[in-house]
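S.K.: Residue numbers (this note's numbering), protein chains in the order written: chain H, 1 to 210; chain S, 1001 to 1210.
Here a beta-carbon is modelled for each residue, glycine too, at the ideal position from N, C-alpha and C.
There are 2 protein chains.
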Amino acid sequence: MKRRKVGNLLGLAVLSVVIEGPKHPYEMAAVLKQRGKDSDMPIKWGSLYTVVANLEKHGFVEAVESVKDGGRPERTVYRITPAGREEFEDWVRELVGTLDREPPRFKAGLSMMGVLGPDQAISLLRQRATELDERAEAQRAGLEQLRGVMPRLFLVEVEYDLAMTEAEARWVRTFLGELTSGAVPGTDAWRRWYETGEFPDDLGEFVEGK
Amino acid sequence: MKRRKVGNLLGLAVLSVVIEGPKHPYEMAAVLKQRGKDSDMPIKWGSLYTVVANLEKHGFVEAVESVKDGGRPERTVYRITPAGREEFEDWVRELVGTLDREPPRFKAGLSMMGVLGPDQAISLLRQRATELDERAEAQRAGLEQLRGVMPRLFLVEVEYDLAMTEAEARWVRTFLGELTSGAVPGTDAWRRWYETGEFPDDLGEFVEGK
DNA sequence: TGCGTAATACTCGTCTGCGAGTACTCGTGG
DNA sequence: CCACGAGTACTCGCAGACGAGTATTACGCA
């Protein structure tokens, strides 16, 4: 038995809008988009209908009616069920309350940075640092602008995002500093390894530093 | 044309081991597992063979031979190609140098925390904070222990992970502090909304605080 | 010597995700 | 007044991800 009957996060988004009233899939997507949820998660049309169908299969939503409004294609309107409400809350509870091992891709990159050699690594990290700063700046601006319009409580997730961006930027900058100032032992051995392609059979080379 | 011909991160892992010498799939998995890569990414057997096949299809690896060693099932041994080497480096370059919008699930949870009401939210956040501390502690311990054995350069990704865990823990604690001390306006309106199910039609309720 | 269990090395089939199409309708500018 | 582009509302089908199964051999141990 797997964890979640419907695993796609888009399913959560669907529940979150359909909880406010019955909707047909296209409308759900429209609401999501209008609320800016699509910025972190562009709506995938293919997935939307699959996900809604799955939610229905598991009794989290049910079809209410098929409206033929004007000459438009037939629309099936769905409504959330009590089970769906339950599932939604439980899902949010899980998301907020527990850590999920979902390791960031950057971590994978770091662990394989060896192949690039120190010089390239440094320039890439510099680039990342710049991008992080830019993103943080954009987030700060967006936040500032929203602060007048939206209550603080609705901005929490943006604040979190910003905090994390800043933290990563700080870490990258710190590491970069150590790397360029020669505080990290083994950089020379690393360069040699990159240039010759031969891995030093003495691991000690990486720890002495020159 | 999509970004990456083989998109699965497992493909990167495969390249990273096959670059050290020809291997058959099962052996790749074994090496990965032995190096502890499987802790952040448990090997999915189904994916492994699909991914290797795809890598072959796109010319990143090639079959070297089919060995019949002992009575064991036939094994197909793969070797990396120059294109594969190129792809590997390029992939790592991308991972290190650029930001990928891959929004954390916790962020989704935060943005929907509303349905839970403030009290439940607070207790869940406390739980998360505890888990974060535990993880950080475990990472610190692991790091300390590895530091004697492995060169610093090979521990970078763990250091990054730790820094991020600590940063998140700090943010959660800070937010929790604000929430419980009443520094966040609108908490009462939030509770009322949760208890009655009625969303205040005056958004101002969330901003006045009481 | 025989038996159960772990390790080896995959194969198969399902289920999901999603891009690309389809078809219809409404508004508007020429 | 009608052609065309933007919006509406899906459908289809492929490709990738993955779990669960399969078959064989090696090994410990009673």
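#1: Could you check the C-alpha separation between serine 1039 of chain S and isoleucine 1019 of chain S for me, to the nearest Å?
#2: Check whether the region 1108-1117 of chain S and the region 1048-1067 of chain S are in contact - that is, three or more C-beta pairs closer than 8 Å.
#3: Considering isoleucine 1122 of chain S, what are the terminal residues of the alpha helix (DSSP H) in which it resides?
#4: Smallest Cα separation from glutamate 1089 of chain S: which of S:Gly1011, S:Phe1154 and S:Met1028?
#5: Does any residue of chain H have a CB that is nearer than 8 Å to the CB of leucine 1124 of chain S?
#6: Determine contact between the region 1153-1169 of chain S and the region 128-145 of chain H, defined as no fewer than three beta-carbon pairs at a distance below 8 Å.
#7: Within 10 Å of its beta-carbon, does phenylalanine 199 of chain H have 16 or more other beta-carbons around it, so buried, or fewer, so exposed?
#8: Under the rule that 16 or more other beta-carbon atoms within 10 Å means buried, what is serine 1111 of chain S, buried or exposed?
#9: Among the residues of its own chain, which have a CB less than 6 Å from the CB of asparagine 1054 of chain S, if the five just before and after it don't count?
#10: Going straight from the alpha carbon of threonine 196 of chain H to that of serine 181 of chain H, what length do you get?
#11: Smallest Cα separation from alanine 167 of chain H: which of H:Arg128, H:Gly204 and H:Leu48?
#12: Give me the Cα-Cα distance between alanine 30 of chain H and valine 51 of chain H, rounded to the nearest whole angstrom.
#13: In chain order, what residues of the same chain have a beta carbon less than 7 Å from the beta carbon of valine 17 of chain H, not counting five sequence neighbours either side?
#14: Can you tell me which of the three DSSP states threonine 180 of chain H falls into?
#15: Could you give the distance in angstroms between the alpha-carbon of proline 1103 of chain S and the alpha-carbon of tryptophan 193 of chain H?
#16: Nearest to leucine 1099 of chain S by alpha carbon, out of H:Phe106, H:Thr81 and H:Ala83?
#17: Write down the C-beta distance between glutamate 178 of chain H and valine 172 of chain H rounded to the nearest angstrom, noting that I regard them as a contact closer than 8 Å.
M.R.: Well, looking at it:
#1: Counting from one through the second sequence, the residue named residue 1039 of chain S turns up at place 39. Counting from one through the second sequence, the residue named residue 1019 of chain S turns up at place 19. When rounded, the distance between both Cα atoms is 21 Å.
#2: Inter-segment contact for the region 1108-1117 of chain S and the region 1048-1067 of chain S is absent: fewer than three beta-carbon pairs are separated by less than 8 Å.
#3: Working through the second sequence from its first residue, we reach residue 1122 of chain S at position 122. It spans 1117-1147 - the alpha helix (DSSP H) in which isoleucine 1122 of chain S sits, taken as one unbroken run.
#4: Here residue 1089 of chain S is taken as the residue at index 89 of the second sequence, counted from 1. Distance check between glutamate 1089 of chain S and each of S:Gly1011, S:Phe1154 and S:Met1028 places S:Gly1011 closest, using alpha-carbon atoms only.
#5: Here the question's residue 1124 of chain S lines up with position 124 in the second sequence. At least one chain H Cβ lies under 8 Å of leucine 1124 of chain S.
#6: Segment contact: the region 1153-1169 of chain S against the region 128-145 of chain H, fewer than three CB-CB distances shorter than 8 Å; contact not assigned.
#7: For this step, residue 199 of chain H is matched to residue 199 along the first sequence. Under this definition phenylalanine 199 of chain H is an exposed residue.
#8: Position 111 of the second sequence holds residue 1111 of chain S. By the 16-neighbour rule on beta-carbons within 10 angstroms, serine 1111 of chain S is buried.
#9: Here the question's residue 1054 of chain S lines up with position 54 in the second sequence. Sequence-distant partners of asparagine 1054 of chain S (beyond 5 residues in either direction) whose C-beta falls short of 6 Å from its own C-beta, in its chain, are Val1006.
#10: Counting from 1 along the first sequence, the entry for residue 196 of chain H is found at position 196. Counting from 1 along the first sequence, the entry for residue 181 of chain H is found at position 181. Put simply, the backbone Cα of threonine 196 of chain H is about 24 Å away from that of serine 181 of chain H.
#11: As a working mapping, residue 167 of chain H is identified with position 167 in the first sequence. Ranking the options by Cα distance to alanine 167 of chain H, first place goes to H:Arg128.
#12: To locate residue 30 of chain H, count along the first sequence from 1; it is residue 30. To locate residue 51 of chain H, count along the first sequence from 1; it is residue 51. Going by the C-alpha atoms only, they are around 16 Å apart.
#13: Reading the first sequence from its first residue, position 17 is the one you call residue 17 of chain H. Within the same chain, Cβ atoms closer than 7 Å to the Cβ of valine 17 of chain H are found at Lys23, Met28, Val31 and Leu32, the five residues on either side in sequence being excluded.
#14: Translated into the one-based positions of the first sequence, residue 180 of chain H becomes position 180. In the structure shown, threonine 180 of chain H sits in a helix (DSSP, three-state: H, G or I).
#15: The sequence position of residue 1103 of chain S within the second sequence is 103, counting from 1. The sequence position of residue 193 of chain H within the first sequence is 193, counting from 1. Approximately 35 Å, taken between the alpha carbons.
#16: Walking along the second sequence from the start, residue 1099 of chain S turns up at place 99. Closest option to leucine 1099 of chain S, Cα to Cα, is H:Phe106.
#17: Translated into positions along the first sequence, residue 178 of chain H becomes position 178. Translated into positions along the first sequence, residue 172 of chain H becomes position 172. Not really, about 11 Å apart at Cβ, beyond 8 Å.
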